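Peer 1: In the numbering used here, the protein residues as written are 5 to 407. There's a structure below that I have some questions on.
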Amino acid sequence: MGPFDGGVFDKRLQGGRAGAQLTVDAHGVHASTTAGDTFDVPARDCQLELGGASGRMWFCRTPDRQLTIYSEARGFAEALASLPNLSQPVAELRRHRRAESRRGVLFLLAALGMLIALGIAGYFGLDYAGRAAIEALPREADERIGRLAINSMDLGGPTVHDKTVTDAVNAIVARLAEHAPGDFEYQVRVLDAETVNAFALPGGQIVVYTGLIAKAEALDEVAGVLAHEIAHVTQRHGLQRIAQSLGVAGSLELLLGDLGGLSAIAVELMRAGALTSYGRDQEREADEQGVLTMHASGLDADGIARFFQKLQKEQDEMEIPEIFAWMSSHPDLDERIANVRAQIDSLGPVAEQPLEIDWDAVRRAVGPDAEAAGSAAEADATEKAPEQNADSKAGSKAKRRKR
Ligand SMILES: [Zn+2]
């Protein structure tokens, strides 16, 4: 049967792959490339997988995975299923995919219903109903929206792989996560850019820029910022924001439109910054929860206030507010510094459990003379974890390009 449009993965090919015309007969799957090379996977050897970017690509692999023939052409799956030993695997993979997509649709419908309820509740000022509805939404809603957001955003800088930096930030987030409410799983990215910024997306995606690390004189200042961002996650401010933005009009549009509309609207909201710029009440709540988390973590909650102060002072002096992105989305600093300090006083003394991190080394690693420190860390990584070598090289290359 065939021919089908498809391709071949094989080490012997230049670049490891080539487009090919495929045929299927009783002996198995055959491919011939435009260059005239032919490849065969005997039917009894063919290990099937269904996937690829579209989710509809069929892969037929040899057991040693040296050779793969693939296609998503119409009729290819039926041709595979016509081979006696492949009809059952084809049917199973199809069943599995159908179940997956049914789960996806059911999930989206449930989330959609909740968001519509929230939009309507918000319109009538039923804040309590809105909160209750968000609490009823599974955590998966936050996670999916966060993933959708991070994949559609231009994050504005290369990822930092220097372990001096990433280990420190991961250790801070791990400590805070242990003492923050909820059981979200946090994924941290450090990006190389001068912007003094950090933000969290629903579900626990956290982004920190080296500009913010360089600006913080003490670990507790960065920890304070992160505790505040983690609070936006645990209090599910992103979903509240979406529900508010949708409102009744948007909810009806969604209700009448197709399911794809939900992701389109979510992506639009993220582009507009709706998920990373919150309302005044949400900021106050994040400050309060941030202080509680810092306190419970044995860290100095005054780091939050000190970082606010630092940004405020520099903004007054330098008049370049755009680089202080974190602050510009966090207004009313005077009042908030006062609130944070009053709350700290009311909590009483903290049993400090400092993290064992050499903060000066972290700052040096992101500072202007980071190059030397970076290559030392790279040499170190080569010895310990050769498989990560390619990654760290890519990281330092990006740095060089920028400077
Ligand atoms: Zn905030």
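Cβ atoms here follow ideal geometry from the backbone N, Cα and C, with glycine treated the same way. Source: prediction; values computed, not measured.
Let's test the definition: count the other Cβ atoms within 10 Å of the Cβ of LYS219 and tell me whether it reaches 16, buried, or not, exposed.
Peer 2: buried
Peer 1: Looking at the unbroken beta strand (DSSP E) that takes in ALA48, where does it start and where does it end?
Peer 2: The sequence given here has Arg at residue 48, not Ala. Bounds of any beta strand (DSSP E) do not take in ARG48, whose DSSP letter is neither H nor E.
Peer 1: Quick one: give me the first and last residue of the beta strand (DSSP E) that THR214 is part of.
Peer 2: THR214 -> not in any beta strand (DSSP E); alpha helix (DSSP H) instead, spanning 214-219.
Peer 1: Report yes if the CB atom of ALA231 is closer than 8 Å to the CB atom of GLY294, and no otherwise.
Peer 2: yes
Peer 1: In its own chain, which residues sit with a C-beta less than 7 Å from the C-beta of GLN357, not counting the 5 before and 5 after it?
Peer 2: GLY302
Peer 1: Could you name the residues that DSSP lists as bridge partners for TRP62?
Peer 2: LEU54 and SER75
Peer 1: Based on DSSP bridge pairs, tell me the residues matched to ILE210.
Peer 2: VAL192 and ALA204
Peer 1: Report buried or exposed for GLN92, applying the criterion of at least 16 other Cβ atoms within 10 angstroms of its Cβ.
Peer 2: exposed
Peer 1: With DSSP run on the structure shown, which of helix, strand or coil describes GLN25?
Peer 2: Look at GLN25 here: in three-state DSSP terms it is strand.
Peer 1: Helix, strand or coil for VAL295? Go by DSSP, reduced to three states.
Peer 2: helix
Peer 1: Would you call the CB atoms of PHE8 and GLY56 closer than 8 Å?
Peer 2: no
Peer 1: In the DSSP assignment, find the alpha helix (DSSP H) that holds SER350 and state where it starts and stops.
Peer 2: 337-351
Peer 1: What do you reckon, is the C-beta of GLY225 under 7 Å from a heavy atom of ligand 1?
Peer 2: At residue 225 the sequence reads Glu, which differs from the Gly that was named. The beta carbon of GLU225 sits no closer than 7 Å to any heavy atom of ligand 1.
Peer 1: Can GLY32 and VAL12 be called in contact, C-beta distance under 8 Å?
Peer 2: No; because the gap between Cβ atoms is not below 8 Å, this pair is not in contact.
Peer 1: By alpha-carbon positions, which one of ARG245, LEU216, GLN286 and TYR282 ends up nearest to ALA311?
Peer 2: According to the sequence provided, residue 311 is Phe. The question's Ala does not apply to it. Minimum Cα distance to PHE311 is reached at LEU216.
Peer 1: I need the straight-line Cα distance from ARG367 to ALA197, nearest angstrom please.
Peer 2: Their backbone Cα atoms lie some 14 Å apart in a straight line.
Peer 1: What residue from LEU205, VAL28 and ALA346 has the CA that sits closest to ASN155's CA?
Peer 2: LEU205
Peer 1: Spatial neighbours of ILE361 within its chain, please: C-beta separation below 7 Å, excluding the five flanking residues on both sides.
Peer 2: Correct list, in chain order: ALA172, ALA175 and LEU223.
Peer 1: I believe THR66 touches ASP49 by the beta-carbon criterion, under 8 Å. Please report the beta-carbon distance rounded to the nearest angstrom.
Peer 2: 5 Å between Cβ atoms; contact.
Peer 1: Compute every distance between the C-beta of HIS232 and the non-hydrogen atoms of ligand 1, then say whether any falls below 7 Å.
Peer 2: yes
Peer 1: Cutting at 6 Å between CB atoms, please list the residues of its own chain near ASP384, excluding the five before and the five after it.
Peer 2: Because the pLDDT at ASP384 is just 39, under 50, the model does not fix this residue reliably, and the point stays unresolved.
Peer 1: Taking the straight line between their C-alpha atoms, what separation do you get for LEU152 and ASP146?
Peer 2: 10 Å
Peer 1: If you check the beta carbons only, do ALA181 and ILE234 fall under 8 Å apart?
Peer 2: A distance below 8 Å separates the beta carbons of ALA181 and ILE234.
Peer 1: Per DSSP, which residues does SER36 bridge with? Please list them.
Peer 2: GLN25 and THR42
Peer 1: In the DSSP assignment, find the unbroken beta strand (DSSP E) run with VAL12 in it and report its ends.
Peer 2: 8-14
Peer 1: Between the alpha carbons of GLU82 and SER36, how many angstroms are there, rounded?
Peer 2: 20 Å
Peer 1: Who are THR163's beta bridge partners in DSSP?
Peer 2: LEU195
Peer 1: Given SER379, which residues of its chain have a CB within under 6 Å of its CB, disregarding the five upstream and five downstream residues?
Peer 2: Its pLDDT being 41, under 50, SER379 is placed unreliably in this model, and the value from its coordinates should be taken loosely. Excluding sequence neighbours, SER379 sits near nothing in its chain.
Peer 1: Of all the options GLU292, VAL354 and GLU104, which has the alpha carbon lying nearest to the alpha carbon of ALA300?
Peer 2: VAL354
Peer 1: Figure out for me which residue from GLU139, MET5, LEU315 and LEU17 has the closest Cα to the Cα of ILE453.
Peer 2: In this structure the chain extends from 5 to 407, so residue 453 is not present and cannot be described.
Peer 1: Taking C-beta to C-beta, are VAL212 and VAL194 nearer than 8 Å?
Peer 2: Yes, the pair counts as a contact, with Cβ atoms nearer than the cut-off.
Peer 1: From ALA77, ARG60, GLU339 and LEU71, pick the residue whose C-alpha is nearest to that of GLU104; which is it?
Peer 2: ARG60
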